[in-house]
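Here is the structure we will look at.
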Amino acid sequence: MPKDKYFLYISILLLTFSLPSSAKKKAVPTFPLAGPKGTFPLDFSKFGTFTGVGTENYKYKITDRTGLRKAMGATLYPNTNRDLFNDPNYKKWRKAQLGPVNPWEYVNTGNPQSEYYAWATSNSTTLGTKLYFSAQALAEGGRYHLALKAYHAVLVHFPREACWSEDRSFVWYPAQKALSEILSITRQNPKIGYRLKDAVYEIKNEEDTDLKNDIIIVNPGHWEKYDPNKKIDLNKLKIVNRRGSGKVRLVQYENKHWQLLVDDEPFFVQGVTYNPTKVGRDIADTEGSRWMHEDANNNGWVDTPYDSWFDANKNGRRDSNETIEGDIEILNLMGANAIRIFRMNRGLEYNPKEFNKKVLRDLHQRHGIYVIMGEFLGAYTIGSGAEWDIGTDYKSKEQLASMENLLTEYVLDHKDEPYVLMWVLGNENLLPSDYNSVNATRTLAHKQVKEYLTFVDKMAKLIHQIDPHHPVAVGNLGLASLEEHAQYAPNVDIFGTNSYRGSRGFGDLWGRVREIFDRPVLITEYGCDAYNSRQNAPDEEGQAKYHRAAWKDIVLNSAGGVEQGNSIGGVVFEYVDEWWKSHAGSWTQHDTSRDSSMPFPDGWSSEEWLGVLSQGNGKKSPFLRQPRKAFYLYKNHLWKKK
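This is the structure in structure tokens:
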């Protein structure tokens, strides 16, 4: 469940997308500021001239510096820090600091006032980086107008300024992330009443650390009035594109919005990654999906679908009034209409016994819950037979043949089942093969992008021939190799992406897919852990806030809204905690280690705390289900079923 784009970006960059819980609770500005108030929205064209807009030759030249300073407000560029240095609040803060201030120590601290002071007065970073993190602090403090102007100023003034990691192993452009933040803030806060229209930030040749070959195309956009709750009547629009003609299909309207249809009715995916793993087991410690078969209590019913129980009061005992039984019922209670599963068997011959079709049929028959059928296509070396240390090779004829044969049998086995919603090919296969975290997918796809995506395209075409009734998605990592998807995988119907962009949603993801690949988007993984390593304590509130913002953005970008219109839903990662994931502990311990840097409330992911349900103390696994606040958020507010 890594972030989008490149997993190597995580260390510092992802921290900048995360709002600590203390900051997110504030609905009003949390600290006073020195300097002029400024105006919002700010039209930079009144104070300077633009040239080369929409090209790699973009430039902005200030012609009225005095007017721009007044309009910007506070101490934001091109203002100086004179007012701030004379501010009693700043003087008090600075006096409390011991020695020089390192601004990098003031990122995601939970104290936006200190963060602003540290970054606004920094002389150790470039102007664009300084302005970006000043904007970050303003946003955390609830000062959205100033934050939006500051983010926009990064795009206007410093689009080519780069920021390197300390070891220079990766580089990022603050202007690119500033635009994403602008989009997210205006969507998540409708009272602002404005959005940045037509803004573009595109980098060509960005998949390395050589800045000399980067071509940056910029359009700073313009502000327009905006109501994110406004709706468009799709019934009045023509359908201009269709993908598929069977039970499950996709249509695109003349405004470029996409919709998923099931039996000719709109279907918005409210999905959950479902792979309940018994405490003490590794997910790979199996010849298939054990949860579909195991009956540990020998009562004749498969354990987790039918015998798990909902411990509402979290006392670890099944009380007489706790009558909800079985994950099938709990999933329905949550409001889910789909689960995402995978073919897990590592053998090179298809094993139909891996799947308990009776369970999957019952899931669908009882509550209309569909199944998103995942095929790793060589991720984790499943299907390819490759050696783990080397990874799946998409130039190997033998490995390609093995994966194709297994996929063919898989699709033939399930294509006529009523529970099938769609097929998903791959799962973060473009992760670097030398990445060694728990999320490593062990393929050479990042070095063989053309070969990998050509194979994905071939498999999508194969599925269409075998099963014309269900669409095919790719299971990508963020926006990795998006242009190459458009070039080499035209038979893919849905752009599926595992995306973890922080507590304000998905930023420019929707717009970039619409512009470059023009496919409906399914967020195949999103979520947040429920443990805060800074506080050394569970953090259900932080997890729930993250989920709320993510789902809100998923809905805002669906068909019939005023945003990009290409969202067809999302899949929560994940249903219930898995205790095997961390490398730091044992499979019988609910580990709280910082497993990877992520844009979560504490800046880290504790991989064994990602469920919206927990397994309690683990002693009653796999049966016990203790709901977290995120579960109730979906149940009571976000997910509604017909």
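Start counting the sequence shown at 977; every next residue gets the next number (this note's numbering).
Ideal Cβ placement from N, Cα and C applies to all residues, glycine included.
In this text, all values refer to a predicted model and were calculated from it rather than measured experimentally.
> Within the chosen definition, does the stretch 1331-1348 reach the stretch 1392-1399 through at least 3 CB pairs nearer than 8 Å?
Replying inline: yes
> Given that a residue counts as buried once 16 or more other Cβ atoms are within 10 Å of its Cβ, and exposed if not, what is aspartate 1258?
Replying inline: Here residue 1258 corresponds to residue number 282 of the sequence shown, with the count starting at 1. Exposed is the call here.
> glutamate 1032 and isoleucine 1192 look like a contact to me (Cβ under 8 Å); what is the Cβ gap, rounded to whole Å?
Replying inline: Residue mapping note: residue 1032 aligns to position 56 of the sequence shown, counting from 1. Residue mapping note: residue 1192 aligns to position 216 of the sequence shown, counting from 1. 6 Å between Cβ atoms; contact.
> Are there 16 or more other CB atoms within 10 angstroms of the CB of threonine 1249, so buried, or fewer, so exposed?
Replying inline: Here residue 1249 is taken as the residue at index 273 of the sequence shown, counted from 1. So threonine 1249 counts as buried.
> Per DSSP, which one or two residues make a beta bridge with glutamate 1501?
Replying inline: Residue numbering aside, residue 1501 sits at position 525 when the sequence shown is read from its first letter. BP columns for glutamate 1501 point to Asn1474.
> What span of residues does the alpha helix (DSSP H) with lysine 1153 cover, start to end?
Replying inline: Sequence index remark: in the sequence shown, residue 1153 carries index 177 (1-based). Here the alpha helix (DSSP H) through lysine 1153 covers 1150-1164.
> If you follow the alpha helix (DSSP H) that serine 1090 is part of, which residue opens it and which one closes it?
Replying inline: In the sequence shown, the residue the question calls residue 1090 occupies position 114. Its alpha helix (DSSP H) spans residues 1088-1096.
> Between which two residues does the beta strand (DSSP E) harbouring threonine 1015 extend?
Replying inline: By 1-based counting over the sequence shown, the position of residue 1015 is 39. No beta strand (DSSP E) holds threonine 1015; DSSP gives it neither H nor E.
> Quick one, which of Tyr1356, Arg1045, Gly1518 and Asn1084 has its alpha-carbon nearest leucine 1407's?
Replying inline: Position 431 of the sequence shown, counted from the start, is the residue given in the question as residue 1407. Considering only alpha carbons, the answer is Tyr1356.
>> In whole angstroms, give me the CA-to-CA distance for lysine 1232 and aspartate 1469.
In response: On the sequence shown, position 256 is the one that residue 1232 refers to. On the sequence shown, position 493 is the one that residue 1469 refers to. Rounded to whole angstroms, lysine 1232 to aspartate 1469 spans 15 Å at the Cα level.
> Alpha carbon to alpha carbon, what distance is there between valine 1216 and arginine 1604?
Replying inline: Along the sequence shown, one-based indexing puts residue 1604 at 628. Along the sequence shown, one-based indexing puts residue 1216 at 240. Distance between the alpha carbons of arginine 1604 and valine 1216: 43 Å.
> Short check: CB of glutamate 1619 to CB of leucine 1429, under 7 Å?
Replying inline: The chain is shown only over 977 to 1618; residue 1619 falls outside these bounds and no answer can be derived.
>> Given this structure, state the Cα-to-Cα distance separating isoleucine 1530 from serine 1543, to the nearest angstrom.
In response: For the purposes of this step, residue 1530 is taken as residue 554 along the sequence shown, with counting starting at 1. For the purposes of this step, residue 1543 is taken as residue 567 along the sequence shown, with counting starting at 1. Going by the C-alpha atoms only, they are around 6 Å apart.
>> Could you compute how far the alpha carbon of arginine 1266 sits from the alpha carbon of glycine 1222?
In response: One-based indexing of the sequence shown puts residue 1266 at position 290. One-based indexing of the sequence shown puts residue 1222 at position 246. Distance between the alpha carbons of arginine 1266 and glycine 1222 is about 32 Å.
>> For asparagine 1217, list the residues DSSP reports as bridge partners.
In response: The residue you call residue 1217 lines up with position 241 of the sequence shown. Answer is Gln1228, bridged to asparagine 1217.
> What do you get for proline 1150, buried or exposed, if any count of 16 or more other CB atoms within 10 angstroms of its CB means buried?
Replying inline: Taking the sequence shown and counting its residues from 1, the one referred to as residue 1150 is at position 174. Per the 10 Å Cβ criterion, buried.
> Is the shortest distance between the beta-carbon of serine 1156 and the beta-carbons of chain D less than 7 Å?
Replying inline: In the displayed structure, chain D is absent; only one protein chain is listed.
> CB-CB under 7 Å to isoleucine 1158, same chain, minus the five flanking residues each way: which ones, in chain order?
Replying inline: In the sequence shown, counting from the first residue as 1, residue 1158 sits at position 182. Closer than 7 Å at Cβ, skipping near neighbours: Leu1124, Tyr1127, His1128 and Leu1172.
> Is glutamate 1182 near aspartate 1190, with beta carbons less than 7 Å apart?
Replying inline: The count along the sequence shown starts at 1 and reaches residue 1182 at position 206. The count along the sequence shown starts at 1 and reaches residue 1190 at position 214. Cβ distance < 7 Å, so glutamate 1182 and aspartate 1190 count as in contact.
>> Restricting to Cα atoms, I'd like to know which of Thr1025, Asn1474 and Asp1484 is closest to tyrosine 1034.
In response: What you label residue 1034 is simply residue 58 of the sequence shown in a count that begins at 1. When each option's Cα is compared against that of tyrosine 1034, the closest is Thr1025.
> If you count every other CB in all the chains shown that lies within 10 Å of the CB of glycine 1503, and 16 or more means buried, which is it?
Replying inline: As a working note, residue 1503 is residue 527 in the sequence shown. Result: buried.
>> Here's the rule: buried if 16 or more other CB atoms are within 10 angstroms of the residue's CB, otherwise exposed. What is proline 1281?
In response: By 1-based counting over the sequence shown, the position of residue 1281 is 305. Result: buried.
>> Which residue marks the beginning of the alpha helix (DSSP H) containing leucine 1172, and which one marks its end?
In response: The residue given as residue 1172 occupies position 196 in the sequence shown. Premise fails: leucine 1172 lies in the beta strand (DSSP E), 1170-1173, not in any alpha helix (DSSP H).
> According to DSSP, is histidine 1133 helix, strand or coil?
Replying inline: Within the sequence shown, numbered from 1, the residue matching residue 1133 stands at position 157. Histidine 1133 falls in the helix class under three-state DSSP.
> By a C-beta neighbour count over all protein chains shown, 10 Å radius and 16 as the cutoff for buried, is arginine 1218 buried or exposed?
Replying inline: Within the sequence shown, the letter at position 242 stands for residue 1218. Burial call: exposed.
> Per DSSP, histidine 1198 forms a beta bridge with which residues?
Replying inline: If you number the sequence shown from 1, residue 1198 lands on position 222. DSSP lists Lys1173 as partners of histidine 1198.
>> Just to check my reading of the structure: valine 1130 and alanine 1138 have Cβ atoms closer than 8 Å, yes? What is that Cβ distance to the nearest angstrom?
In response: As a first step, residue 1130 must be located in the sequence shown, where it is residue number 154. As a first step, residue 1138 must be located in the sequence shown, where it is residue number 162. The Cβ separation is near 12 Å, so there is no contact.
> In whole angstroms, what separates the C-alpha of phenylalanine 1134 from that of glycine 1454?
Replying inline: Within the sequence shown, residue 1134 is the residue found at index 158, counting from 1. Within the sequence shown, residue 1454 is the residue found at index 478, counting from 1. One C-alpha to the other measures close to 25 Å.
>> I need the boundaries of the beta strand (DSSP E) containing lysine 1333, first residue and last residue.
In response: Your numbering for residue 1333 matches position 357 in the sequence shown. First-last for lysine 1333: 1333-1343, but that is the alpha helix (DSSP H), not the beta strand (DSSP E).
>> So, at 6 Å on beta carbons, what are the nonlocal neighbours of leucine 1336 in its own chain, with the 5 sequence-adjacent residues on each side left out?
In response: Residue mapping note: residue 1336 aligns to position 360 of the sequence shown, counting from 1. Hits under 6 Å: Val1347 and Tyr1395.
>> Let me check understanding here. Comparing Cα to Cα, which of Gly1028, Asn1055 and Leu1107 lies closest to valine 1176?
In response: Taking the sequence shown and counting its residues from 1, one reaches residue 1176 at position 200. Nearest of Gly1028, Asn1055 and Leu1107 to valine 1176, Cα basis: Gly1028.
> Run through DSSP, which three-state label would threonine 1025 get?
Replying inline: Here residue 1025 is taken as the residue at index 49 of the sequence shown, counted from 1. Threonine 1025: strand per DSSP, three-state reduction.
>> Helix, strand or coil, according to DSSP, for arginine 1418 in the structure here?
In response: The residue given as residue 1418 occupies position 442 in the sequence shown. Correct three-state label for arginine 1418: coil.
>> Let me check understanding here. Comparing Cα to Cα, which of Asp1571, Gly1594 and Pro1496 lies closest to asparagine 1533?
In response: Along the sequence shown, one-based indexing puts residue 1533 at 557. Measuring from the Cα of asparagine 1533, the nearest candidate turns out to be Pro1496.
>> Can you determine whether any heavy atom of the ligand GDP sits closer than 6 Å to the C-beta of serine 1558, and answer yes or no?
In response: The ligand GDP is absent from the structure shown, which contains no ligands of any kind.
>> By the three-class DSSP mapping on this structure, what secondary structure does phenylalanine 1286 have?
In response: Position 310 of the sequence shown holds residue 1286. Phenylalanine 1286: strand per DSSP, three-state reduction.
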